[in-house]
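Under this note's numbering, the first residue of the sequence shown is numbered 38, with each subsequent residue one higher. A virtual CB, placed ideally from N, CA and C, is assigned to each residue, including glycine. Just below is one structure, and these are the notes that go with it.
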Amino acid sequence: MAEQLHFVLIPLMAQGHMIPMIDLAKLLAEQRVMVSLITTPHNASRFDSVIQRATQSGLQIQVVKIPFPCREVGLPVGCENLDTLSSRDLLKRFYNALGIVFLDGMGCFSLLCSHNVKLHKAHLSVASDTEPFVVPGLPQTVEITRAQLPGAFVSLPDLDDVRNKMQEAEMSAFGVVINSFNELEQGCVEQYQKAIKKKVWTIGPVSLCNKMNLDKFERGNKASIKEQKCMKWLDSKEPRSVIYACLGSLCRLVPAQLIELGLGLEASQQPFIWVVKTSDERAEELEKWFSEQKYEERIKGRGLLIKGWAPQVLILSHPAIGGFITHSGWNSTIESVCSGVPMITWPQFSEQFFNEKLIVQILKIGVGVGVEVSVRWGEEEKLGVLVKKHQVEKAIDMLMDGGEEGENRRVRARELAEIARKSLENGGSSYCNMSLLVRDILEEITKSQ
Ligand code: UDP
38 MAEQLHFVLI PLMAQGHMIP MIDLAKLLAE QRVMVSLITT PHNASRFDSV
88 IQRATQSGLQ IQVVKIPFPC REVGLPVGCE NLDTLSSRDL LKRFYNALGI
138 VFLDGMGCFS LLCSHNVKLH KAHLSVASDT EPFVVPGLPQ TVEITRAQLP
188 GAFVSLPDLD DVRNKMQEAE MSAFGVVINS FNELEQGCVE QYQKAIKKKV
238 WTIGPVSLCN KMNLDKFERG NKASIKEQKC MKWLDSKEPR SVIYACLGSL
288 CRLVPAQLIE LGLGLEASQQ PFIWVVKTSD ERAEELEKWF SEQKYEERIK
338 GRGLLIKGWA PQVLILSHPA IGGFITHSGW NSTIESVCSG VPMITWPQFS
388 EQFFNEKLIV QILKIGVGVG VEVSVRWGEE EKLGVLVKKH QVEKAIDMLM
438 DGGEEGENRR VRARELAEIA RKSLENGGSS YCNMSLLVRD ILEEITKSQ
């Protein structure tokens, strides 16, 4: 019966959504269902070889390419992914070209937080943007401020109608597939299911479907470092000694802020890999600083700069990695969990402050670098430097040493990684949910016939 099912996946065209969707396509195809991935030519070219390998191994996945109407909506040709947008003004045009979108790339904890804050209007109960309030209806006590809430809480006349359409699409859905595992969400899966009155299937961590190094290496964009060079560098370092710093695929921090991060990494005396994006106009300024300060010479041997795209899952799964400085995007968070790597959280926007609460306060597998407010797109310059070099250095010290507390953090991270791995094995929570997902959809289709 399952063979007759055909899943059509339309990932939102941003790497934080496309990457887990491709993993999901592979996991679904392993359930002997047919999967079609619908995307645009430029985006399809980013994962051609990954899909080719999957189909050669017998999985039924096809990629359907639909031209993206860039010209028609006034976008530069080839601008087919959020990471190619040069300014926030293009965002509305991008969404216009998309037409409809629905995908949830977040965890249940943050989804439940957002849902409950909105429902109870908790954010309106405080007098200022920096006054903390308790997120209602959670199994744990968690406080947040208005300045840390996802952008969706701020009304934006040019984006409100797109957001409303997304919400309508979500409301009409039969259920929600989540890249997480039940044990990670600390009771929030059931609560979220009740809150939205829909089925919720946690079927992750999806990144664990990449078993071979080549699949890990080719996940996402083309890496800006050779696999061998990266592995050789990591192999030369002591186990759990390296700090990996990468702030996601959409990082827009100003050069002055990135310089503080670079100086903090240097001051920490710990070996490190630092991923710096090269895709926006700010990269030039940073590059100038690197050469004027001879930064790369100063860190030679101890620090590795990756300019562009890093093979993140491959790096995180190397035994030399001891800590991850992350913007707390959901994919990065769960990938770190899978590798048992404790985190330094540096949230920027979206639901990342909620994820920070989960990592630092609830799961106790990370320390916060100390960011207090969200960086809204277009307001980066106004906010300037939020985290100083010494804060980075202090957070690294705490994570890598931190006495008994630090050791407990590392032990918990390793234990969670084990639970994550088991959840996808025969009989594990996500393994069972994957079969349930296929069964529930079959049942629903049969009912409606
Ligand atoms: N990623 C990567 N290399 C990079 C930057 C990002 O492989 O240099 C991947 C990362 O592994 C994750 C995704 O891109 O799967 C980023 O998703 P996340 O939800 O963490 O953050 P976003 O980029 O959506 O803010």
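Should residue i be listed as close to the ligand UDP, given that the test is whether its C-beta is under 7 Å from any heavy atom?
i: residue 367; result: yes
i: residue 256; result: yes
i: residue 91; result: no
i: residue 168; result: no
i: residue 364; result: yes
i: residue 433; result: no
i: residue 270; result: no
i: residue 348; result: yes
i: residue 285; result: yes
i: residue 53; result: yes
i: residue 56; result: yes
i: residue 29; result: Look at the range of the chain in this structure, 38 to 486, and you will see that residue 29 is not part of it.
i: residue 312; result: yes
Quick one: is residue i buried, meaning 16 or more other Cβ sit within 10 Å of its Cβ, or exposed?
i: residue 41; result: exposed
i: residue 144; result: buried
i: residue 241; result: buried
i: residue 161; result: exposed
i: residue 217; result: buried
i: residue 108; result: exposed
i: residue 85; result: exposed
i: residue 119; result: buried
i: residue 190; result: exposed
i: residue 419; result: exposed
i: residue 335; result: exposed
i: residue 208; result: exposed
i: residue 249; result: exposed
i: residue 481; result: exposed
i: residue 429; result: buried
i: residue 319; result: buried
i: residue 394; result: buried
i: residue 255; result: buried
i: residue 440; result: exposed
i: residue 333; result: exposed
i: residue 222; result: buried
i: residue 234; result: exposed
i: residue 104; result: exposed
i: residue 69; result: exposed
i: residue 210; result: exposed
i: residue 137; result: For residue 137, the predicted structure reports a pLDDT of 36, less than 50, and the residue's modelled location is therefore unreliable. The matter cannot be settled from this model.
Could you name the residues of the same chain whose beta carbon sits closer than 6 Å to that of residue i, not counting the 5 residues immediately before and after it, in chain order?
i: residue 58; result: 46 and 48
i: residue 289; result: 417
i: residue 129; result: 195
i: residue 474; result: 238
i: residue 361; result: 281, 373, 378 and 380
i: residue 423; result: 408
i: residue 66; result: 72, 96, 97 and 98
i: residue 465; result: 459
i: residue 315; result: 344 and 345
i: residue 271; result: 355 and 357
i: residue 253; result: 247, 350 and 351
Need the endpoints of the alpha helix (DSSP H) that residue i sits in, please.
i: residue 370; result: 367-376
i: residue 154; result: 145-157
i: residue 437; result: 426-437
i: residue 448; result: 440-460
i: residue 381; result: Counting along the chain, residue 381 falls outside any alpha helix (DSSP H), though it belongs to the beta strand (DSSP E) covering 380-382.
i: residue 404; result: Taken as a continuous stretch (DSSP letters only), residue 404 belongs to no alpha helix (DSSP H), being part of the beta strand (DSSP E) at 403-405.
Near residue i, which residues of its chain fall below 7 Å by C-beta distance, leaving aside the five closest residues on each side in sequence?
i: residue 338; result: none
i: residue 168; result: 182
i: residue 113; result: 107
i: residue 122; result: 116, 128 and 131
i: residue 125; result: 414 and 415
i: residue 426; result: 297, 300, 301 and 304
i: residue 10; result: The question about residue 10 has no answer, for the chain in this structure spans 38 to 486.
By Cβ distance, which residues of its chain are closer than 8 Å to residue i, with the 5 residues on each side in sequence left out?
i: residue 517; result: With the chain covering only 38 through 486, there is no way to say anything about residue 517.
i: residue 153; result: 159, 172, 173, 174, 175 and 232
Tell me where the beta strand (DSSP E) around residue i begins and ends.
i: residue 467; result: That residue, residue 467, is in no beta strand (DSSP E); its alpha helix (DSSP H) goes 466-485.
i: residue 179; result: Taken as a continuous stretch (DSSP letters only), residue 179 belongs to no beta strand (DSSP E), as it is neither H nor E.
i: residue 45; result: 43-46
i: residue 343; result: 340-344
i: residue 361; result: 358-363
Any beta-carbon of chain B closer than 8 Å to the one on residue i?
i: residue 50; result: You won't find chain B in this structure, because it holds only one protein chain.
If you scan the stretch 269-325 from start to end, which runs of the alpha helix (DSSP H) of 4 or more residues do you find wholly inside it? Here the runs fully enclosed are 292-304.
Extract the residue ranges of the alpha helix (DSSP H) inside the stretch 192-234, only unbroken runs of 4 or more that lie entirely within it. Given a length threshold of 4 residues, each whole run of the alpha helix (DSSP H) inside the stretch 192-234 is given here in chain order: 197-209 and 225-233.
Would you list, in sequence order, the uninterrupted beta strand (DSSP E) runs of no fewer than 3 residues that lie entirely inside the stretch 62-138? Every unbroken stretch of the beta strand (DSSP E) spanning 3 or more residues and falling wholly within the stretch 62-138 is given here in chain order: 71-76 and 98-102.
Length at least 4, wholly inside the stretch 236-260: the alpha helix (DSSP H) runs in chain order: Taken in chain order, the complete alpha helix (DSSP H) segments of 4 residues or longer contained in the stretch 236-260 are 250-254.
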